[in-house]
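Quick note: the first sequence uses the working numbering, first residue 12, plus one each step.
Idealized CB from N, CA, C, for every residue including glycine.
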Amino acid sequence: MSKVITPREEDYSQWYNDIVRKAQLADHSAVRGCMVIKPHGFGIWERMQRQLDDMFKETGHVNAYFPLFIPKSFLSKEAEHVEGFAKECAVVTHHRLMNDPNGNGVVVDPSAKLEEELIVRPTSETIIWNTYKDWIDSYRDLPILVNQWANVVRWELRTRLFLRTAEFLWQEGHTAHATSQEAEEETTRMLDVYATFAEEYMAMPVIKGVKTASERFAGAIDTYTIEALMQDGKALQSGTSHFLGQNFAKAFDVTFSNKENEREHVWATSWGVSTRLMGGLIMTHSDDQGLIIPPRLAPTQVVIVPIPKPNDEINAEAKKLLAELKEAGVRVSYDDDDRKRPGFKFAEHELKGIPVRLGLGKRDLEKGVIEVARRDEKTKESVPREGIATYVKNLLEEIQDNLLAKAKAHRAAHTTKVDSYDEFKKVLDEKGGFVLAHWDGSPETEQQIKEETKATIRCVPLDNPQEDGVDMISGKPSKERVLFARAY
RNA sequence: CGGGAUGUGGCGCAGUUGGUAGCGCACACGCCUGGGGGGCGUGGGGCCGCAGGUUCAAGUCCUGUCAUCCCGACCA
Numbered sequence: 012m013s014k015v016i017t018p019r020e021e022d023y024s025q026w027y028n029d030i031v032r033k034a035q036l037a038d039h040s041a042v043r044g045c046m047v048i049k050p051h052g053f054g055i056w057e058r059m060q061r062q063l064d065d066m067f068k069e070t071g072h073v074n075a076y077f078p079l080f081i082p083k084s085f086l087s088k089e090a091e092h093v094e095g096f097a098k099e100c101a102v103v104t105h106h107r108l109m110n111d112p113n114g115n116g117v118v119v120d121p122s123a124k125l126e127e128e129l130i131v132r133p134t135s136e137t138i139i140w141n142t143y144k145d146w147i148d149s150y151r152d153l154p155i156l157v158n159q160w161a162n163v164v165r166w167e168l169r170t171r172l173f174l175r176t177a178e179f180l181w182q183e184g185h186t187a188h189a190t191s192q193e194a195e196e197e198t199t200r201m202l203d204v205y206a207t208f209a210e211e212y213m214a215m216p217v218i219k220g221v222k223t224a225s226e227r228f229a230g231a232i233d234t235y236t237i238e239a240l241m242q243d244g245k246a247l248q249s250g251t252s253h254f255l256g257q258n259f260a261k262a263f264d265v266t267f268s269n270k271e272n273e274r275e276h277v278w279a280t281s282w283g284v285s286t287r288l289m290g291g292l293i294m295t296h297s298d299d300q301g302l303i304i305p306p307r308l309a310p311t312q313v314v315i316v317p318i319p320k321p322n323d324e325i326n327a328e329a330k331k332l333l334a335e336l337k338e339a340g341v342r343v344s345y346d347d348d349d350r351k352r353p354g355f356k357f358a359e360h361e362l363k364g365i366p367v368r369l370g371l372g373k374r375d376l377e378k379g380v381i382e383v384a385r386r387d388e389k390t391k392e393s394v395p396r397e398g399i400a401t402y403v404k405n406l407l408e409e410i411q412d413n414l415l416a417k418a419k420a421h422r423a424a425h426t427t428k429v430d431s432y433d434e435f436k437k438v439l440d441e442k443g444g445f446v447l448a449h450w451d452g453s454p455e456t457e458q459q460i461k462e463e464t465k466a467t468i469r470c471v472p473l474d475n476p477q478e479d480g481v482d483m484i485s486g487k488p489s490k491e492r493v494l495f496a497r498a499y
């Protein structure tokens with residue numbers, strides 16, 4: 012297999028595909044739009060899952076699991092919701108196959124038609140709220156703070172590995188509360204969890220904000236989002252947290268008795284991040300040599316390469332090094348494959364994004380040093396063998412910080428304030444990135460901008476500085492800038 | 001779903017006016033090598049995406065179909 016990656020400058024889409032496939036994160040499968048997540052890719056996802064799950068638990072949530080299939084009738088109970096998802100649902104109509112009477116393998120058994128079709132969940136609000144109806148009777152039953160890790164299916168017409176696949180993995184939190192205020196607090200709490208995770212673990216800075224009406228989740232009162240900026244200047248919606256009001260409680264008739272013994276509808280939130288984060292991770296950090304994984308998410312943080320090849324002496328030293336590093340809490344492995352030469356291994360580990368490589372060579376050992384190579388900056392240095400574990404541990408933190416700093420610098424350099432529509436278009440075409448501009452709040456100008464420039468309002472940033480201005484197009488007054496970008 | 005392109009060993013590709021399917025990498029074995037993707041030799045591996053059709057003969061021509069990629073439309 013050719014290990015050469017298309018340079019970003021030449022073709023960013025192709026570069027992205029090359030990274031995903033050549034770093035062995037994922038591959039296309041036999042099913043249109045569905046991918047096989049390979050061990051290296053899944054290992055990163057598992058690190059994300061584990062960390063997020065811990066953060067959910069720390070904020071009081073528990074995990075549960077609801078069915079893959081949803082009765083068709085459930086989808087029609089919340090009008091906006093069905094409209095948002097109807098066009099991309101996989102539908103189960105039969106439950107049995109039979110041998111083809113003509114001898115051509117198996118066919119669907121027409122007698123096994125389902126009375127009511129089942130929808131493969133595109134998201135689980137409906138099945139979950141149908142269940143919550145049975146769980147909730149009193150204010151004492153609230154809040155319900157449940158999360159589930161699951162796969163969902165959305166029959167997308169155009170798919171891209173990780174960024175938009177027909178089936179994807181995610182978590183979806185679904186909470187039920189006694190008051191609007193409590194639900195709104197939950198919505199922003201989880202948005203904060205996502206933002207913290209993105210910055211501290213993925214080293215991917217994000218802007219927190221609220222979606223405009225046109226970009227809102229189908230069935231939500233408010234959709235909060237974290238928006239990240241990719242290397243090519245396009246935005247990636249990386250996580251959402253929805254305040255659902257009483258929409259689903261009303262649709263599924265979920266009520267509770269309050270302290271005054273009055274019957275009220277329950278208030279709801281839902282929030283999720285998906286394997287799309289993998290796409291964000293790739294497009295935030297990686298380079299033309301391959302993937303770059305932030306140390307906190309790297310399944311393997313350090314790889315030890317024997318130079319020029321494993322032998323008894325080097326193996327013995329490697330064993331000691333492994334023990335020292337593991338003792339220090341570092342995820343480390345030893346590449347003792349004796350069929351491949353060092354140069355090949357270097358390139359391979361760089362391609363796969365392992366943050367730190369230790370070169371263990373006879374000459375270095377005699378001098379009492381080890382060659383330490385960092386993936387992020389592609390630099391190498393000789394480090395004393397004594398105290399190497401501490402050095403590496405500190406280096407991993409430095410790399411983590413460096414990646415976040417670089418991503419922040421890139422975002423800062425690609426965030427532009429503009430005050431005229433001409434300038435807006437010019438920045439989008441020549442520079443890309445986030446564009447902060449005044450907007451009069453009307454769906455019409457938002458739509459016009461989208462049609463003419465392909466840019467959308469990513470969000471109205473939270474804690475947005477208030478300032479007087481005028482809409483670029485209508486000239487109507489505006490009191491704050493909103494965040495525009497072309498997006499994935 | 002519309003426009004364009006591409007499907008040939010695991011990967012990347014060539015294959016002329018139709019006439020016995022090739023190359024590089026990878027793989028297996030052997031020898032030589034050995035601090036940034038080694039060298040030489042030998043060898044194995046193909047329903048040419050799939051289904052029809054034209055023809056004495058189809059990887060090549062025709063029709064259909066499936067899949068992937070790029071650009072759109074769509075996209076909580």
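- Message: DSSP three-state label for E397, please.
- Response: Note: E397 maps to coil in three-state DSSP.
- Task: Along the beta strand (DSSP E) that carries V383, what are the first and last residues, could you check?
- Result: V380 to R385 is the span of the beta strand (DSSP E), which, as asked, contains V383.
- Message: Tell me the rounded alpha-carbon separation between A334 and R374.
- Response: Spanning the two alpha carbons is a distance of roughly 22 angstroms.
- Item | Neighbourhood of L180 by C-beta, 6 angstroms cutoff - its chain only, sequence neighbours within 5 removed | Here the set comprises N162 and T286.
- Item | Minimum C-alpha distance to E392 - residue among L371, T251 and I155 | When only C-alpha atoms are compared, the closest one is L371.
- Task: Would you tell me roughly how many angstroms separate the C-alpha atoms of V31 and P154, rounded to the nearest one?
- Result: Distance between the alpha carbons of V31 and P154 is about 40 angstroms.
- Mind reading off the beta-carbon distance from L125 to H106? Whole number of angstroms is fine, and I expect it under 8 angstroms. Sure, about 6 angstroms apart at Cβ, within 8 angstroms.
- Q263, DSSP secondary structure in three states: Going by the sequence as given, residue 263 is Phe instead of Gln. The three-state secondary structure of F263, taken from DSSP, is coil.
- Message: Given this structure, state the Cα-to-Cα distance separating V204 from I237, to the nearest angstrom.
- Response: In a straight line, the C-alpha of V204 is about 10 angstroms away from that of I237.
- Under 7 angstroms between C-beta atoms of E128 and V102: Against a cut-off of 7 angstroms, the Cβ pair of V102 and E128 comes out as a contact.
- Task: Please go through the same chain and pick out, in chain order, the residues whose beta-carbon is closer than 6 angstroms to the beta-carbon of I569, but skip the five residues on each side of it.
- Result: With the chain represented from 12 up to 499, any question about residue 569 goes unanswered, as that position is not in the structure.
- Contact belief for H276 with T198 at Cβ below 8 angstroms, rounded distance in angstroms: Taking C-beta atoms under 8 angstroms as the contact rule, H276 and T198 fail to qualify, at a distance of about 17 angstroms.
- Message: On the CB-based measure, 16 or more other CB atoms within 10 Å of its CB, does Q458 come out buried or exposed?
- Response: Only exposed fits Q458, as fewer than 16 other CB atoms lie within 10 angstroms of its CB.
- Message: Measuring CB atoms only, is the segment 257 to 268 touching the segment 138 to 150, in the sense that at least three cross pairs come out at less than 8 angstroms?
- Response: Taking a cut-off of 8 angstroms on C-beta distances, the segment 257 to 268 touches the segment 138 to 150, as three or more cross pairs fall below it.
- Can you pull the DSSP bridge partners for G428? Per the sequence shown, residue 428 should be read as Lys rather than Gly. For K428, which the question treats as bridged, DSSP gives the partners L447.
- Excluding the 5 residues preceding and the 5 following V429 in the sequence, name in chain order all residues of the same chain whose CB lies nearer than 7 angstroms to its CB. If we look at V429 and ignore the five residues flanking it on each side, its Cβ neighbours are F435, V438, V446 and A448.
- So, G230 versus E99, is the Cβ gap smaller than 7 angstroms? Result no, Cβ atoms of G230 and E99 do not sit closer than 7 angstroms.
- Return helix, strand or coil for Q62, following the three-state DSSP convention. Helix.
- Query: Hey, quick one: how far does the alpha helix (DSSP H) through K337 stretch, first residue to last?
  - Reply: Where K337 is concerned, the enclosing alpha helix (DSSP H) stretches over D323 to E338.
- Task: Within its chain, find whatever has a CB closer than 6 angstroms to the CB of E178; leave out the 5 residues flanking it on each side and keep chain order.
- Result: Within the same chain, and ignoring the five residues on either side of E178 in sequence, the residues whose Cβ sits closer than 6 angstroms to its Cβ are C45, N162 and V164.
- Task: Please state if the CB of P18 and the CB of D299 are separated by a distance shorter than 7 angstroms.
- Result: Contact check for D299 against P18 passes: the beta carbons are separated by less than 7 angstroms.
- Query: Taking contact to mean at least 3 C-beta pairs separated by less than 8 angstroms, is the segment 64 to 82 in contact with the segment 218 to 227?
  - Reply: Judged by pairs of C-beta atoms under 8 angstroms, the segment 64 to 82 does not touch the segment 218 to 227, as fewer than three such pairs exist.
- Just how far apart, CA to CA, sit S13 and A358? At S13, the pLDDT of 42 sits below 50, so the modelled position is not reliable; the number obtained from the coordinates is stated separately. Answer to the nearest angstrom: the Cα atoms are 12 angstroms apart.
- Length of the line joining the Cα atoms of E21 and A418: Looking at the two C-alpha atoms, the distance is approximately 21 angstroms.
- Query: For V313, which option in A34, L172 and L332 has the closest C-alpha, if you only look at C-alpha atoms?
  - Reply: Ranking A34, L172 and L332 by CA distance to the CA of V313 puts L332 first.
- Message: For G283, count the other beta carbons within 10 Å of its own beta carbon; 16 or more makes it buried, fewer makes it exposed. Which is it?
- Response: Counting of Cβ neighbours within 10 angstroms places G283 among the buried residues, the total reaching 16 or more.
- Task: Could you round the C-beta distance between D148 and S268 to whole angstroms and report it? I think they count as a contact, below 8 angstroms.
- Result: 7 angstroms between Cβ atoms; contact.
- Message: I need the boundaries of the beta strand (DSSP E) containing E128, first residue and last residue.
- Response: It spans K124 to V131 - the beta strand (DSSP E) in which E128 sits, taken as one unbroken run.
- Sequence-distant residues of its chain with Cβ nearer than 6 angstroms to G443 (five each side left out): Around G443, the same chain offers G244 as residues with beta carbons nearer than 6 angstroms, after the five sequence neighbours per side are excluded.
- Item | Beta-carbon proximity of F259 to E361, cut-off 7 angstroms | By the CB criterion at 7 angstroms, F259 and E361 fall outside the cutoff.
- Query: Among the residues of its own chain, which have a CB less than 6 angstroms from the CB of E195, if the five just before and after it don't count?
  - Reply: Around E195: F254.
- Query: Exposed or buried, what is N158 when buried is set at 16 or more other beta-carbons lying within 10 Å of its beta-carbon?
  - Reply: So N158 ends up on the buried side.
- Exposed or buried, what is R76 when buried is set at 16 or more other beta-carbons lying within 10 Å of its beta-carbon? First, the residue type needs correcting, since residue 76 is Tyr and not Arg in the sequence shown. Y76 is classed as exposed because its beta carbon has fewer than 16 other beta carbons within 10 Å across all chains shown.
- Contact set for M270: own chain, Cβ-Cβ below 7 angstroms, skip 5 residues either direction: The sequence shown places Lys at residue 270, rather than the Met named in the question. Cβ neighbours of K270 within its own chain (closer than 7 angstroms, five residues either side excluded): Y150.
- Query: Is it the case that the Cβ atoms of G379 and A34 are separated by a distance below 7 angstroms?
  - Reply: Contact annotation: G379 and A34 have beta-carbon atoms that are not nearer than 7 angstroms.
- Message: Beta-carbon within less than 6 angstroms of I293's beta-carbon, same chain only, minus the 5 sequence neighbours each way: which residues are those?
- Response: Once the five neighbours on either side are set aside, the close Cβ partners of I293 are I30.
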